[in-house]
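Chemist:
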Amino acid sequence: MKCPFCGKENTRVIDSRPADDCSSIRRRRQCDECSKRFTTYEKVETIPLVVIKKDNNREPYDRSKIEAGVFRSCHKRPISVDQINAVVDEVENIIFNLEEKEVPSYKIGEIVMDKLKNLDAVAYVRFASVYREFKDVNTFMNELKKILDHEHV
Ligand SMILES: [Zn+2]
């Protein structure tokens, strides 16, 4: 491993430990030439996942797109950033456990809706209205009614 400070290749590992989430190893290295220290992370190589969009075009899976959608739906709702991250983690876990190389975007949307439904009705309806592109107020109201009815059961 090349030293990021002086560019020499005489560096050695002085400490090795699992990172916070145990999905990576954090290594402290020291350069024998300039004595500076730096950190490297070792991770399992993840299989690239491709999302099939509605127009049938493909794009690389991007967690930040799900995050952005969930954040937008949770705007001004009593939901913490931790809760949002937990939802995105759950969604991501499900997606990756499908063990498919290509996942249609509608499937991802359904999973997100499913998780949001348990979290916050308003966030769910907001997300669903964007996702399912409700054409009119009636469709929107029907969806909302379904949730409200469900809550009163
Ligand atoms: Zn160096």
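Okay, so the sequence shown: first residue is 1205 according to our numbering, each after it adds one. Note that beta-carbon positions come from the ideal geometry of N, C-alpha and C, so glycine has one too.
(1) Could you tell me the distance, in whole angstroms, from the CA atom of Ser1227 to the CA atom of Glu1304?
(2) Heavy atom of ligand 1 less than 7 Å from the Cβ of Lys1319, yes or no?
(3) Figure out for me which residue from Ala1223, Val1307, Asn1322 has the closest Cα to the Cα of Ala1290.
(4) Would you call Gly1313 buried or exposed, if buried means 16 or more other Cβ atoms sit within 10 Å of its Cβ?
(5) Between Glu1237 and ligand 1, is the CB less than 7 Å from at least one heavy atom?
(6) Please determine if the segment 1274-1292 and the segment 1232-1252 are in contact, where contact requires at least 3 C-beta pairs separated by less than 8 Å.
(7) Comparing the C-beta of Asn1346 with each C-beta of chain D, is any distance below 8 Å?
(8) Run the proximity test for Cys1210: is its beta-carbon closer than 7 Å to any non-hydrogen atom belonging to ligand 1?
(9) Give the DSSP-derived three-state secondary structure of Tyr1328 in the structure shown.
(10) Let me know the secondary structure DSSP gives Phe1242 once reduced to three states.
(11) In angstroms, rounded to a whole number, what distance separates the CA positions of Tyr1265 and Glu1294?
(12) How about the segment 1206-1224 and the segment 1238-1246: do they share at least three Cβ pairs that are nearer than 8 Å?
(13) Beta-carbon separation of Val1254 and Glu1306 under 8 Å?
(14) Which same chain residues, not among the five before or five after Lys1206, have their C-beta less than 6 Å away from its C-beta?
(15) Taking 7 Å as the line, does the beta carbon of Lys1269 fall inside it for any heavy atom of ligand 1?
Modeler: Well, looking at it:
(1) On the sequence shown, position 23 is the one that residue 1227 refers to. On the sequence shown, position 100 is the one that residue 1304 refers to. Rounded to whole angstroms, Ser1227 to Glu1304 spans 21 Å at the Cα level.
(2) Here residue 1319 is taken as the residue at index 115 of the sequence shown, counted from 1. No - ligand 1 has no heavy atom lying nearer than 7 Å to the Cβ of Lys1319.
(3) The residue you call residue 1290 lines up with position 86 of the sequence shown. Nearest C-alpha to Ala1290: Asn1322.
(4) Reading the sequence shown from its first residue, position 109 is the one you call residue 1313. Gly1313 should be labelled buried.
(5) In the sequence shown, counting from the first residue as 1, residue 1237 sits at position 33. Flag set: Cβ of Glu1237 near ligand 1.
(6) Flag = no, the segment 1274-1292 and the segment 1232-1252 do not touch.
(7) Absent from the structure: chain D. Only one protein chain is present.
(8) Locating residue 1210 in the sequence shown gives position 6, where the first residue counts as 1. Yes, Cβ of Cys1210 sits closer than 7 Å to a heavy atom of ligand 1.
(9) Position 124 of the sequence shown, counted from the start, is the residue given in the question as residue 1328. Correct three-state label for Tyr1328: helix.
(10) Here residue 1242 is taken as the residue at index 38 of the sequence shown, counted from 1. Note: Phe1242 maps to strand in three-state DSSP.
(11) Position 61 of the sequence shown, counted from the start, is the residue given in the question as residue 1265. Position 90 of the sequence shown, counted from the start, is the residue given in the question as residue 1294. In a straight line, the C-alpha of Tyr1265 is about 15 Å away from that of Glu1294.
(12) For the pair of segments examined, the segment 1206-1224 was found to touch the segment 1238-1246: the number of CB pairs separated by less than 8 Å reaches three.
(13) What you label residue 1254 is simply residue 50 of the sequence shown in a count that begins at 1. What you label residue 1306 is simply residue 102 of the sequence shown in a count that begins at 1. It is a contact, given that the beta carbons lie within the stated cut-off.
(14) Numbered from its first residue, the sequence shown carries residue 1206 at position 2. Glu1213, listed in sequence order.
(15) Position 65 of the sequence shown, counted from the first residue, corresponds to residue 1269. No, ligand 1 has no heavy atom inside 7 Å of this Cβ.
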